[in-house]
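J.: In the numbering used here, the protein residues as written are 324 to 697.
1) Would you kindly work out how many angstroms separate the C-alpha atoms of residue 590 and residue 522, rounded to a whole number?
2) Let's see if you can read the secondary structure: which residues bound the beta strand (DSSP E) around residue 643?
3) Reducing DSSP to helix, strand and coil, say where residue 507 ends up.
4) Given that a residue counts as buried once 16 or more other Cβ atoms are within 10 Å of its Cβ, and exposed if not, what is residue 422?
5) Can you check which of these residues, 499, 666, 576 and 691, is closest to residue 674 by C-alpha distance?
6) Examine the ligand FAD and report whether any of its heavy atoms sits within less than 6 Å of the Cβ of residue 597.
7) Please state if the CB of residue 494 and the CB of residue 509 are separated by a distance shorter than 7 Å.
8) Check residue 514 in the structure and name its three-state DSSP category.
9) Can you tell me where the alpha helix (DSSP H) with residue 388 in it begins and where it stops?
10) Just to confirm, are residue 667 and residue 491 a CB contact at a threshold of 7 Å?
11) Give the DSSP-derived three-state secondary structure of residue 652 in the structure shown.
12) So residue 577 and residue 524 are supposed to be a Cβ contact under 8 Å. How far apart are they, rounded?
13) Run through the DSSP bridge pairs and tell me what residue 575 is partnered with.
14) So, at 6 Å on beta carbons, what are the nonlocal neighbours of residue 543 in its own chain, with the 5 sequence-adjacent residues on each side left out?
15) For residue 493, does the three-state DSSP call read helix, strand or coil?
16) Apart from the five residues on each side of it in sequence, which residues of its chain come closer than 7 Å, Cβ to Cβ, to residue 679?
17) Given residue 631, which residues of its chain have a CB within under 6 Å of its CB, disregarding the five upstream and five downstream residues?
18) Using DSSP with H/G/I as helix, E/B as strand and the rest coil, what is residue 609?
19) On the three-state DSSP scale, how would you describe residue 622?
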């Protein structure tokens, strides 16, 4: 008899639900989202507070039992403290200030309600702040370091690295990248200033074909300052081998990524910012100028050489070095970084092709001379 009643009840509820769904479909409104949100994905109405609360209260989520245990433990703690406080109150003469601290001027019922309210407020705020901080740190650890970094180290770095000294590094080449990898462990206020006079290799080809500033040194700095450094370094430094076809031979993936980002973002300036945001770069990568400059040199024999790669290949003693054009405008954010820096590190990098080209930008050189940094 009971099984028959269960079947009848099931059929009644099914028909009522089915008829309601068909009525909404005929009206063109479609089925209502279930209690977990639209199609169970948590989107749409599932993002409203009432739906979020239902998710937290859903069976099997594995949270409520521990929350109840936490409340039970706190109740036991409060009960034990109250017994000790009562014994202390009866046996020890307390200072007059405790009369006001324990709210003895209020009736017992009011006193208890006030203390319970304060306890709930403190516990709620404490648990909320604690869990939010832990969740943010855990998400950052999973997305940036694959969960390999200890949580306490990640929390310490998140809290204190942003308060580090403001450092500006001006250089290029492999040594510059190694320096940045070491410094990023101590401060997030790190700015890497790079020259944009490169005209060789993949950067030179992209510069000639697309008329953009060379992305090579920018790529090296991004790979060095990326949170997911081991994988990102290999990816950004990857070069397409010979036989790749379609002109990809010798190109670096990182260079192509930055060029594509400049096309999507609308400018190389925005591309640098967006690339740093997408790849979770710690610090800033700043070009000395956004002008399409070329490096020129005069040797001790009076020979004039144009182009960074040609200067390197010449292997002659340099008597004079200048930019073409000679007065390119400095990148404003680079000027601000130099003026506000606590420490400026010049080098490592090639003196004539990595370090001095930055100082040949007039406004940048003046800011460097006027800076109060060490």
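All C-beta atoms, glycine included, are put in the ideal place defined by N, C-alpha and C.
If you're wondering where the values come from, they're calculated on a predicted model, not measured in any experiment.
T.: Let's see:
1) Here residue 590 refers to the residue found at position 267 of the chain shown. Here residue 522 refers to the residue found at position 199 of the chain shown. Those two C-alpha atoms are separated by around 20 Å.
2) Residue numbering aside, residue 643 sits at position 320 when the chain shown is read from its first letter. Residue 643 -> beta strand (DSSP E) spans 641-647.
3) Numbered from 1 along the chain shown, position 184 holds the residue referred to as residue 507. For residue 507, the three-state secondary structure derived from DSSP is coil.
4) For the purposes of this step, residue 422 is taken as residue 99 along the chain shown, with counting starting at 1. The residue in question, residue 422, is exposed, as its Cβ has fewer than 16 Cβ neighbours within 10 Å.
5) Start at 1 with the first residue of the chain shown, and residue 674 comes out as number 351. The residue with the shortest Cα to Cα distance from residue 674 is 499.
6) This structure lacks the ligand FAD, and indeed carries no ligand of any kind.
7) For the purposes of this step, residue 509 is taken as the residue at position 186 of the chain shown. For the purposes of this step, residue 494 is taken as the residue at position 171 of the chain shown. No. Outside cutoff.
8) Taking the chain shown and counting its residues from 1, one reaches residue 514 at position 191. Looking at residue 514 - three-state DSSP - the assignment turns out to be strand.
9) The residue labelled residue 388 in the question sits at position 65 within the chain shown. Looking at the DSSP string, the run of the alpha helix (DSSP H) that includes residue 388 is 387-414.
10) In the chain shown, counting from the first residue as 1, residue 667 sits at position 344. In the chain shown, counting from the first residue as 1, residue 491 sits at position 168. In this structure, residue 491 lies closer than 7 Å to residue 667 by Cβ.
11) Against the chain shown, residue 652 aligns to sequence position 329. Looking at residue 652 - three-state DSSP - the assignment turns out to be coil, as it is neither helix nor strand.
12) Mapped onto the chain shown, residue 577 falls at position 254. Mapped onto the chain shown, residue 524 falls at position 201. That belief does not hold up - the Cβ atoms of residue 577 and residue 524 are roughly 12 Å apart, past 8 Å.
13) Your numbering for residue 575 matches position 252 in the chain shown. In DSSP, residue 575 forms a bridge with 562.
14) Counting from 1 along the chain shown, the entry for residue 543 is found at position 220. So the list reads 500, once near-sequence residues are dropped.
15) Here residue 493 refers to the residue found at position 170 of the chain shown. Here residue 493 sits in strand by DSSP.
16) Here residue 679 is taken as the residue at index 356 of the chain shown, counted from 1. The residues are 644.
17) Translated into positions along the chain shown, residue 631 becomes position 308. Excluding residues within five positions, the ones whose Cβ falls inside 6 Å are 520, 521, 522, 618 and 676.
18) Indexing the chain shown from 1 puts residue 609 at position 286. It is a strand residue.
19) Taking the chain shown and counting its residues from 1, one reaches residue 622 at position 299. In the structure shown, residue 622 sits in a strand (DSSP, three-state: E or B).
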